[in-house]
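Numbering (our numbering), first residue to last: 1172 to 1388.
Here is the structure we will look at, set down as structure tokens.
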Ligand SMILES: Nc1nc2c(ncn2[C@@H]2O[C@H](COP(=O)(O)OP(=O)(O)O)[C@@H](O)[C@H]2O)c(=O)[nH]1
Ligand SMILES: [Mg+2]
């Protein structure tokens, strides 16, 4: 019983900070997405592709969470956009207070799209509101077809699933159509995109959908 009480208190505190953040993002006309996936599904690769393709249209910034190292922040800062790395030192997800502290470093930049790359994990990050407009989950075809049904909460809480690495279809027995069906089973309103961060297939369609949502905020 105590554990449940403590967990609820943590989530309540997190949600209060997330609400403040959401208000601040709205006042600054910033659209915020929270990227979730297993380690290695392609979150950083997606950010790299998106920034290259959209930099003439709008300004992006990134907050990236990892258990250790600032490798991802280094990769992203090579694109010459503002990036803040949060090292959680063992923590399996980002919390709103960490994002609030990281966001202080982004006050002086013009930002249209803020991308939060969460810690690679399909369980813990799902329950934590970071003030984002949307959670987006990546599921790559190297992970198999059953991730949406094994980890339903993250798929249920996400507005879109990006089925990544479809360039590898010829080499794998995993069927992207079944990932899609499983995702729709746990969340009938989830939007599904098949993408490759290697060949760029599907990336334009995903970005067009995102931009529509940014414009309607
Ligand atoms: N073949 C292929 N490899 C990819 C694709 N996207 C990412 N990768 C590779 O997958 C590995 C993990 O990608 P990364 O972006 O670091 O994943 P993250 O841990 O989710 O940020 C890297 O070696 C990428 O080059 C893709 O669409 N196709
Ligand atoms: Mg990464």
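Every residue, glycine too, gets a C-beta built ideally from N, C-alpha and C.
Inset, instruction - Have a look at the DSSP bridge pairing and note the partners of residue 1256. - result: Residue 1256 pairs with 1235.
Legend entry - Proximity of residue 1318 and residue 1293 at Cβ, strictly below 8 angstroms: Less than 8 angstroms divides the Cβ of residue 1318 from the Cβ of residue 1293.
Legend entry - First through last residue of the beta strand (DSSP E) which encompasses residue 1362: Run containing residue 1362: 1362–1365, per the beta strand (DSSP E) assignment.
Inset, instruction - For residue 1330, write down the residues that DSSP places opposite it in a beta bridge. - result: Beta-bridge pairing links residue 1330 to no other residue.
Inset, instruction - On the DSSP bridge assignment, give the partners of residue 1285 in chain order. - result: Answer is 1203, 1232.
Inset, instruction - Could you spell out where the alpha helix (DSSP H) holding residue 1306 opens and where it closes? - result: For residue 1306, there is no enclosing alpha helix (DSSP H); the residue is found in the beta strand (DSSP E) stretching over 1305–1311.
Inset, instruction - Go ahead and pull the three-state DSSP assignment for residue 1242. - result: In the structure shown, residue 1242 sits in a helix (DSSP, three-state: H, G or I).
Inset, instruction - Using a Cβ cut-off of 8 angstroms (strictly closer), state whether residue 1386 contacts chain D. - result: Given the protein chain composition of this structure (a single chain), no chain D is represented.
Inset, instruction - Please list, in chain order, all residues of the same chain as residue 1289 whose beta carbon is under 7 angstroms from its beta carbon, the five residues on each side excluded. - result: Here the set comprises 1205, 1206, 1207, 1236, 1264, 1265, 1296.
Legend entry - Extent of the continuous alpha helix (DSSP H) to which residue 1354 belongs: DSSP places residue 1354 inside the alpha helix (DSSP H), whose first and last residues are 1347–1357.
Inset, instruction - Answer yes or no: the CB of residue 1314 versus the heavy atoms of ligand 2, is any distance below 7 angstroms? - result: Answer for residue 1314: no, Cβ out of range of ligand 2.
Legend entry - Cβ neighbours of residue 1216 in the same chain (closer than 7 angstroms, five flanking residues each side left out): Counting only Cβ-Cβ distances below 7 angstroms, and skipping sequence neighbours, we find 1368.
Legend entry - Candidates 1303, 1278, 1378, 1349: closest to residue 1311 by CA position: Among 1303, 1278, 1378, 1349, the Cα nearest to that of residue 1311 belongs to 1349.
Legend entry - Buried or exposed (CB count within 10 angstroms, at least 16 for buried), residue 1180: Exposed is the call here.
Legend entry - Cutoff 7 angstroms; reference residue 1308; Cβ partners in own chain excluding five residues on either side: The answer, listed in chain order, is 1207, 1208, 1325, 1326, 1329, 1332.
Inset, instruction - Check whether the Cβ atoms of residue 1259 and residue 1378 sit closer than 8 angstroms, and answer yes or no. - result: No; because the gap between Cβ atoms is not below 8 angstroms, this pair is not in contact.
Legend entry - Residues whose Cβ lies closer than 5 angstroms to any heavy atom of ligand 2, in chain order: Spelled out in chain order, the answer is 1214, 1215, 1243.
Inset, instruction - Select from 1244, 1380, 1356 the residue whose C-alpha is nearest the C-alpha of residue 1365. - result: For the residues 1244, 1380, 1356, the minimum Cα distance to residue 1365 belongs to 1380.
Inset, instruction - Could you tell me whether the segment 1228–1235 touches the segment 1250–1258, using the rule of 3 or more Cβ pairs below 8 angstroms? - result: Taking 8 angstroms as the limit for Cβ pairs, the verdict is that the segment 1250–1258 does touch the segment 1228–1235.
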